[in-house]
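Okay, structure first, notes after.
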Amino acid sequence: MVESQSIRLEVRDLQVSMNERSTDVVDEINFSVRAGEIFGLVGESGSGKTTLALALLGYTRRGLKISAGSIYLDGVDILGLGESELREIRGSRIAYVPQDPAAALNPTLRIGHQIRELFHAHPNAIDDINARTDEVLREVNLDPASGILRRYPHQLSGGQQQRVALAMAFACRASVIVLDEPTTGLDVSTQRHVLETVKSLCVTHGVAAVYVSHDLAVVGGLVSQVGVMYAGRLVEIGSTSGVFSTPRHPYSRGLLNAVPSADRSEILVGIPGQPPRPGYRPTGCSFAPRCSEVLDRCLTEDPSPTDVQGTLVRCHRVAEQAPCAISARRSRPDMHISDAMHRLEVRDLSSSYGSAKVLHNVSLDVRATACTAIVGESGSGKTTLARCIVGLHGSYTGTVRLDGVELSNTARKRNRQQLQEIQYIFQNPFTSLNPRKTIGQILSQPLEHFLRLTSKERTERIAKALDEVSLGGGISERFPDELSGGERQRVAIARAIIVEPKLLVCDEVTSALDVSVQAVIVELLRSLQEVRKLSMLFITHNLALVRSIAQDVVVLSGGKVIEAGDVEEVLERPQNPYTVRLMRDIPKLTPSSSTLPM
Amino acid sequence: MSIEEIGVRGKAPDRDVGLSWMSRHPMVALLLRRGGIGVVTLVIVSIIVFAATEVLPGNAAYAVLGHTATPVRLHAMEVQLHLNEGLLAQYWSWFSGLITGHLGNSLVNSQSVWSLVEPRLINSGVLVATSGVIGILAGVLLGAYAALRRDKWFDHISSVVLLAITSLPEFVVAITLIIVFATVVTHLLPAVSIYPPGTYAWNDPKLLVLPVVTLVIVIIPYIMRMMRGAMIEALESDYVQMARLEGIKSWKIVLIHALPNAIAPTIQVIGLTVLYLAGGIVIVEDVFNFPGVGQGLVSAVSNRDIPVIQFMVFILAALYVVVNIITDVIALLASPRRRLVR
């Protein structure tokens, strides 16, 4: 361990503003990180966490500028440096790991070129470039002899791309590394390995790291200090154990409550509403519009950071309330579901893309009014399976029966009623809604297609469906790009339930959303299932989520069902080693270091 | 999990040996496929050209002779054009001549078609190549520069000027240039580009200037706009942001990271521009009296010189096919993602 006590990064009163208007998007940021430590920066999309992460390297996106404050890197204020000095320290002394390595690695340059270029940009950092390249690749568990340097980024898997990005961040032995949601889009197991790599590299090389995430559970086992960010400010900063066991800001509690638990079946509680747009911070406490414990004072007076037992909190009520943990979560009510009736029966389904077989004799059932979860990592065939069931991927063998009636392979050959009875919700609400149609038009489309209704009846149906997904009627005149991700996914759900289907197929419907929004969407689906007596096929890579929504679970790996059964049974006593591993790799809320043994 | 499982999975070094062969493989397949389609296209084009010039407008012999058509001359002409034979036989004799190089003689002065067309092909080739190279280079560089100076005065002014140019037909550009540089305003350059027989475009470069400038002005806007857009997209991309955060020098970011990624989508537009040039020369050559394929085509049409028309149109069609194939190959080369299978 190297100089474990020295402060490597210290941020003082940092402010980032818009160029044109003088409003700030990130403000009053104060924290410091010691060598070997990781600081977790947590918040929803739009909270300004990526803007802050980039600002730590003295960089802002187009239209923004760092307008005040200091960033001390090993004691030197980098905001006082000129452009060429700043360029010299970027990549060598302070490095960045991007959110999406597939986009951040140049598609036209080989991996080796991109690594070499980094060394050439910092000629004084490393003596023997080839030796250091091999060394740093091994440190992130990539084999330098495998020819990886001669590959282009698209020839690597997502996990490998992220490892390359990590290797480049550590390559020049930086003092500080900023990681911006580096595990988004990775499988839980890959995520766990990336996190372990980050932690061990920080400890062994005395690196101070800032780790940005929307998911408290991810940073739980990793960081020693955590800062919760809302509307461009840190609303709570403290030690991880303090914040996790006694979250003092209502927003921190909200984020913690939203994390699904793999150990208990609970009702997930999201945070209602959405954060203010960057630069539009409301007067008073910025969280007040979404806070359940709001006082009159909160609406007018901006709370200043208060120190409570080492934790800095921006909340008027921090002194008066007893710190409460997250034990207030309610467990999910049991549903009585008969075994007798199977809504969906899949038998011996096999399918291939070209010569590659992706599904091998998959059989599963969805009981009437119940939810079956299909769990698997990317490449397990879970989306192909869903597409076969809804008739989007016709080249399969085996049978799919809905209420005992065998369905044709392709949607084209299924009759109108069969199509109406199975509705599909896509993974990405940012691409699944036609951007040129209003919400009203989007919802009216399936009605026009399936049901003969008068326009008055259609309007009523649309209003009712929007109400069921907790969206106001006024939204039907708006276009999808005016809505947040969570709102869009609600519209997608409304579009599915508006024709009163029997079976809802949800394909990774929360993976593009923040944890706080995910909780709201899952809870919405669960209540719809209960109220509307819907059957549901819930496809996810997140085993923890399964517990909050499903009654039955099917674990898919390599296109085969490797374990299936009652959710409690499978999650409590997983039989297959693969399921055991998946369970183990789920990031857990426990702030102890036990999740990531070091 | 062990290193083997999470590291470079199942990708043994020997696959890399195979990779260099594999990298050529999609290229060979593409060339063969496009080449095959190109040949088929040309055969179809030859049928259409033949049909359009010989069969459709009634009697071709009559069309050639016009007012001088007497029954005797009409019959002689029909024999000369093989119009007295069956359609298939007519087509075959023309098409086989095309392949074997026996293109027949001009109806106007009985010279062989090839000896008439060859110098024009060379002249037009010089015109297209010169204006193409200058226009493409200028368009790409100006577009990239406008992207780098986005929302600054150069960007604003150039986009207004480009819009103005785009709205002008090429003959307006040509005539404006003639007025400014060759007649009314100054007399710096010749207004017409007439070459003595037996000389080529390079024998008197001064004659080339105005036609080339006209074509360059006409093609720059398309390339420049496309390049500007693609370059802005590249400069805003995550990989360029990442390169900045890695402390790479600005000129390297522009030349190595942004430019290659921006050129790939621009190549299709460049290909279209070259094709446009092949058609655009007809008007420009006519305005300047430049002895090229375009002007030759115009005079051949007005003289009803059918063998010459057929051959020139066929050559232009072949150019379209070849340029398309070249464009596709270059676009593929510029994109590793499409070139190399995962």
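Chains L and V are the protein sequences, given in the same order. Under the working numbering, the first sequence has 1370 at position 549, and the numbering climbs by one with no breaks. Under the working numbering, the second sequence has 920 at position 193, and the numbering climbs by one with no breaks. Every residue, glycine too, gets a C-beta built ideally from N, C-alpha and C. As the structure is a computational prediction, the values presented were derived from the model and not from experiment.
- Here V/Ser858 really is in contact with V/Val939; their C-beta atoms are around 5 Å apart, less than 8 Å.
- No Cβ of chain L is located within less than 8 Å of the beta carbon of V/Asp882.
- Look at L/His1214 here: in three-state DSSP terms it is coil, with no helix or strand label.
- With contact defined as three or more Cβ pairs closer than 8 Å, the region 1350 to 1361 of chain L and the region 1068 to 1078 of chain L are not in contact.
- Under the Cβ distance rule, L/Asp955 does not count among the residues neighbouring chain V, no pair being separated by less than 8 Å.
- L/Pro928 reaches chain V at Tyr966, Asn988, Ser1062, Pro1063, Arg1064, counting residues in chain order whose Cβ is nearer than 8 Å.
- The Cβ atoms of V/Val945 and V/Val907 lie no closer than 8 Å to each other.
- Residue-level contact by beta carbon fails for V/Gly866 and chain L, as no gap is shorter than 8 Å.
- Taking CB atoms only, L/Leu902 has no neighbour in chain V less than 8 Å away.
- If the five residues before and after V/Phe822 are omitted, its C-beta is found closer than 6 Å to the C-beta atoms of Ser773, all from its own chain and listed in chain order.
- With a threshold of 16 other beta carbon atoms within 10 Å, V/Lys933 falls short and is exposed.
- Scanning its chain for C-beta atoms nearer than 8 Å, with the 5 sequence neighbours on each side dropped, one finds around L/Thr1104 the residues Leu1120, Thr1121, Asp1123, in chain order.
- Chain L has a Cβ within less than 8 Å of the Cβ of V/His984.
- Here the C-alpha atom of V/Val888 lies approximately 15 Å from the C-alpha atom of V/Tyr872.
- Any Cβ of chain L closer than 8 Å to the Cβ of V/Arg955 would place that residue at the interface, and such an atom is absent.
- Interface with chain V (8 Å Cβ-Cβ cutoff): L/His943 is included.
- For L/Pro1093, the closest C-alpha among the options L/Glu1344, L/Leu835, L/Ser1082 is that of L/Glu1344.
- Within the same chain, and ignoring the five residues on either side of V/Gly1023 in sequence, the residues whose Cβ sits closer than 6 Å to its Cβ are Arg847.
- Contact annotation: in the region 1379 to 1400 of chain L, no residue has its CB less than 8 Å from a CB in chain V.
- Residues of chain V whose Cβ lies closer than 7 Å to the Cβ of L/Asp895 do not exist, since the nearest Cβ in that chain is about 16 Å away.
- Here the alpha carbons of L/Val1338 and L/Asp1008 stand approximately 20 Å from one another.
- V/Met754 sits exposed, since fewer than 16 C-beta atoms from the chains shown fall within 10 Å of its C-beta.
- Within the region 990 to 1024 of chain V, no residue has its Cβ closer than 7 Å to any Cβ of chain L.
- Secondary structure at L/Leu1170: strand, using DSSP grouped into helix, strand and coil.
- Taking a C-beta cut-off of 8 Å against chain V, none of the residues of the region 1107 to 1120 of chain L qualify.
- Identification of chain V residues near L/His975 by a Cβ-Cβ cut-off of 9 Å yields Pro1063, Arg1064, Leu1067, Arg1069, ordered along the chain.
- For the set L/Ser1113, L/Phe1300, L/Leu1185, L/Arg1402, the Cα lying nearest the Cα of L/Val1382 is the one of L/Leu1185.
- Across the structure, L/Phe1300 and V/Leu935 are spaced so that their CA atoms are roughly 55 Å apart.
- Cβ contact annotation for L/Thr1231 (same chain, cutoff 6 Å, sequence separation greater than five): Gly1212, Gly1215, in chain order.
- L/Asn840 carries a coil assignment under DSSP once its states are collapsed to helix, strand and coil.
- When secondary structure is reduced to three states using DSSP, L/His1181 falls in the strand class.
- In this structure, the CA atom of L/Val1039 is about 9 Å from the CA atom of L/Ile1407.
- The continuous stretches of alpha helix (DSSP H) do not include V/Leu834, and DSSP gives it neither H nor E.
- Going by beta carbons, L/Val1375 and L/Thr1193 fall inside the 8 Å limit.
- Taking a Cβ-Cβ threshold of 8 Å, the residues of chain V close to L/Gly912 are Leu972, Glu973, Gly974, Ile975, in chain order.
- From the beta-carbon of L/Ala925, the residues of chain V found nearer than 7 Å are Asp965, Tyr966, Met969.
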